[in-house]
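Novice: After the structure tokens below, expect a handful of questions from me.
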Amino acid sequence: MIQQTLVLVKPDGVKRGLIGEIISRFEKRGLKIVGIKMVQVDPDFSKKHYSAHVAKSFYKNLEKFITSGPVVAMAIEGIDAVEVVRKIVGSTEPKSAPVGTIRGDFAHVSLNYADSKGKSAENLIHASGNKEEAEQEVSLWFSIDELHSYKLSYEDHVM
Ligand code: GDP
Ligand code: MG
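Count the sequence shown with this note's numbering and you get residues 1 to 159, in order.
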């Protein structure tokens with residue numbers, strides 16, 4: 001039941017000064033940050049992270065986007081964390097993402113509009129899509145000694 005999942009604040013979120021705002025949404029929900037670092041992704045690493053998308057039409061623009069500046073990578077832990085984090089993040093297309101989600105509150109671009117501009121949809125954040133993806137992505141981005149084990153104070157009196 002306790003899962004770890006990978007979250008990235010993408011280059012647009014870093015450049016817009018939204019790192020703190022984004023992290024605080026996970027903290028306020030009671031999720032635990034067990035790993036965190038700033039990383040400049042290169043094309044080789046992008047192809048590993050987005051291996052499922054490399055053959056897709058939008059991949060070239062996606063690689064340009066994800067390598068356009070540093071990202072903040074986090075391993076986040078909690079009860080069914082993969083699903084809970086995806087809910088906080090919202091759906092892929094900012095235009096369609098519900099208000100109250102990160103993508104729905106801080107962006108509104110449509111996939112069609114981004115495609116027409118030859119750009120990847122700048123949607124601020126990456127979050128693993130399912131349990132298998134999460135396990136694979138956490139181990140791709142973090143070594144064992146970069147993942148930490150500790151108790152949040154609320155675990156002592158709530159859980
Ligand atoms: P996610 O899991 O919600 O991030 O979505 P995906 O794994 O399907 O796609 C990875 C990323 O590629 C998305 O977050 C977008 O930045 C971008 N992307 C996905 N689909 C499209 C598309 O149809 N057009 C454009 N321009 N970008 C896309
Ligand atoms: Mg995905």
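Ideal Cβ placement from N, Cα and C applies to all residues, glycine included.
Since the model is a prediction, treat every value here as computed from it, not as a measurement.
Secondary structure at K60, three-state DSSP: helix, strand or coil?
Specialist: In the displayed model, K60 falls within a helix according to three-state DSSP.
Novice: Taking 7 Å as the cut-off, does the CB of G129 come closer than this to any heavy atom belonging to the ligand MG?
Specialist: yes
Novice: Sort out for me which residues DSSP pairs L6 with in a bridge.
Specialist: A75
Novice: Nearer than 7 Å: is that true of the beta carbon of F58 relative to any heavy atom of the ligand GDP?
Specialist: yes
Novice: Please determine, among G104, P43, H108, K64, the residue with the shortest C-alpha to C-alpha distance to R86.
Specialist: G104
Novice: Taking 7 Å as the line, does the beta carbon of D44 fall inside it for any heavy atom of the ligand GDP?
Specialist: no
Novice: If you measure from the CB of H53, is any heavy atom of the ligand GDP nearer than 7 Å?
Specialist: yes
Novice: Which value, in whole angstroms, describes the spacing of the CA atoms of G17 and Q40?
Specialist: When rounded, the separation of the alpha-carbon atoms in G17 and Q40 is 17 Å.
Novice: So the alpha helix (DSSP H) K131 belongs to, where does it begin and stop?
Specialist: 131-141
Novice: Contact check, G100 vs L31 under 8 Å by CB: the rounded distance?
Specialist: 16 Å between Cβ atoms; not a contact.
Novice: Who are K32's beta bridge partners in DSSP?
Specialist: E77
Novice: For A127, which beta-bridge partners are listed by DSSP?
Specialist: V7
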